[in-house]
Structures are given as C-alpha cells and as structure tokens.
Amino acid sequence: MILLFFLLLKLTKGNVENSVRTTIAGIVWLKLVYDMSRGVLKFLYITVVIGGIIGVIMYVDIYSGISLFTLGIIFLIYEKAIGKYTTAGRRKMEYIEGMKMYFNTTERYRIDKFETQEEKFNYFNYLLPYAVALKIEDESFKLFMDSLNFLNMMGSYKEAKYFVDEYTVSIFPNKLFKNVFDFFKV
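And the structure:
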C-alpha cells in the first residue's frame with residue numbers, strides 16, 4: 220500500500236491530496252469487492268496514513284525522510300520483539316515473585332528463632348546476597364534491624380578503646396587536633 224501511495228504520488232506529480240484520496244478509494248474497493256476483514260483494512264489505512272506522512276517528509280528532504288522511516292521500522296520491530304516474555308521467561312518471573320513473597324513472610328519468623336545476636340547476624344549475612352539479587356535488600360535490612368536489640372549490641376561497642384600515638388598526632392600538627400587527640404589517649 221505504501222508503494223501504491225508513492226506510485227500515485229509520482230503519477231499525480233507530487234499532489235499529496237489526490238494520492239491520499241485514491242489510496243483510500245483503493246481501500247474501500249478492497250472492502251467492497253474482496254470483503255476483507257476490518258482488522259486488515261484498519262492496518263492498511265494506518266499504513267497509508269503513515270506512508271503519507273513519510274512521503275511528505277521524503278518529498279521535502281530525502282535524507283531526513285529515510286532516517287525517519289528507518290527509525291520507525293526499527294521502533295516497530297523492537298516494540299514487537301522486546302515487549303513480551305517467553306513462556307520460560309514468564310515462569311522464571313513467577314518464580315522470582317514467589318521468592319520475594321517467601322522472604323517477606325517466612326523469614327520474619329525464622330530470624331526470630333535465633334537466640335543470640337551473632338546467630339541472627341550470620342543468618343542475615345547468609346540471606347543478604349539473595350535479597351540483593353531479588354532487589355528487596357531494604358525490606359530484609361529493616362526486618363533484621365527490627366529483630367535485633369541494638370541497645371545490647373551497642374553496649375559491646377561502648378567499651379572500644381581509641382589508640383593515639385605520636386604518629387597519629389604528627390599527621391594533624393594543628394594544636395586543635397592535638398588537644399582532641401590528647402583527650403582520647405589511654
């Protein structure tokens with residue numbers, strides 16, 4: 220149909236209006252004589268309209284018309300090819316969604332079964348790569364933080380000693396920093 224449109228455009232010496240009328244008359248003729256289905260005729264009509272737009276652009280400037288036509292074809296091909304999952308891909312996506320539901324429901328109760336913070340921390344380290352792969356690391360980290368008693372955990376860090384010697388002070392020779400480091404000396 221697009222070729223018919225361009226042929227009519229050539230025959231009518233660039234008169235776009237007459238070639239569009241003739242092409243639409245051709246579509247109506249296909250409907251009446253061959254009793255084509257509505258979907259096929261709709262496709263032909265859309266093709267003619269797009270062909271008309273491309274024809275006008277090509278008539279004005281051949282290089283921009285060709286590039287626009289090529290980009291349109293590439294877009295249509297990729298729209299059809301990329302947009303859908305295959306059956307195997309859809310099955311894998313359902314499996315991933317099931318894993319996300321599993322993490323959100325069962326791991327909440329499983330992490331509470333551990334007695335010590337070290338066991339909870341080791342279990343969280345075991346689950347973290349899976350959570351990152353499923354892109355639910357924020358939810359799993361929140362779950363871990365809720366299950367831990369951070370007050371007891373912070374108590375173990377409170378006893379940490381800071382070591383400052385002459386080398387550390389020589390890095391920051393400023394008196395202000397020297398006074399700050401003197402405060403932390405053991």
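220 is the number of the first residue of the sequence shown in my numbering; add one for each residue after it.
Beta carbons are placed, not taken as given, at the ideal position from N, Cα and C, and that holds for glycine.
Within its chain, find whatever has a CB closer than 7 angstroms to the CB of residue i; leave out the 5 residues flanking it on each side and keep chain order.
{"i": "residue 333", "result": "339 and 342"}
{"i": "residue 318", "result": "353"}
{"i": "residue 304", "result": "312"}
Under a Cβ-count criterion, where at least 16 other Cβ atoms within 10 Å of its own Cβ denotes burial, should residue i be classed as buried or exposed?
{"i": "residue 307", "result": "exposed"}
{"i": "residue 296", "result": "exposed"}
{"i": "residue 293", "result": "exposed"}
{"i": "residue 244", "result": "exposed"}
{"i": "residue 375", "result": "No answer about residue 375 holds up, because its pLDDT of 48 lies below 50 and its placement is not dependable."}
What is the C-beta distance between residue i and residue j, in whole angstroms, given that I count them as a contact (C-beta under 8 angstroms)?
{"i": "residue 356", "j": "residue 347", "result": "7 angstroms"}
{"i": "residue 362", "j": "residue 327", "result": "6 angstroms"}
Under 8 angstroms between the Cβ atoms of residue i and residue j?
{"i": "residue 366", "j": "residue 330", "result": "yes"}
Near residue i, what residues of its chain come up, given a Cβ to Cβ distance below 8 angstroms and the 5 sequence neighbours on each side ignored?
{"i": "residue 322", "result": "346, 349, 350, 353, 355, 358 and 359"}
{"i": "residue 369", "result": "Interpretation of residue 369 is limited by its pLDDT of 46, a score under 50 that renders its predicted location unreliable; no figure is taken from the coordinates."}
Inset, instruction - For the segment 305-354, list the alpha helix (DSSP H) runs that are entirely contained and at least 4 residues long, ordered along the chain. - result: 306-330 and 336-352
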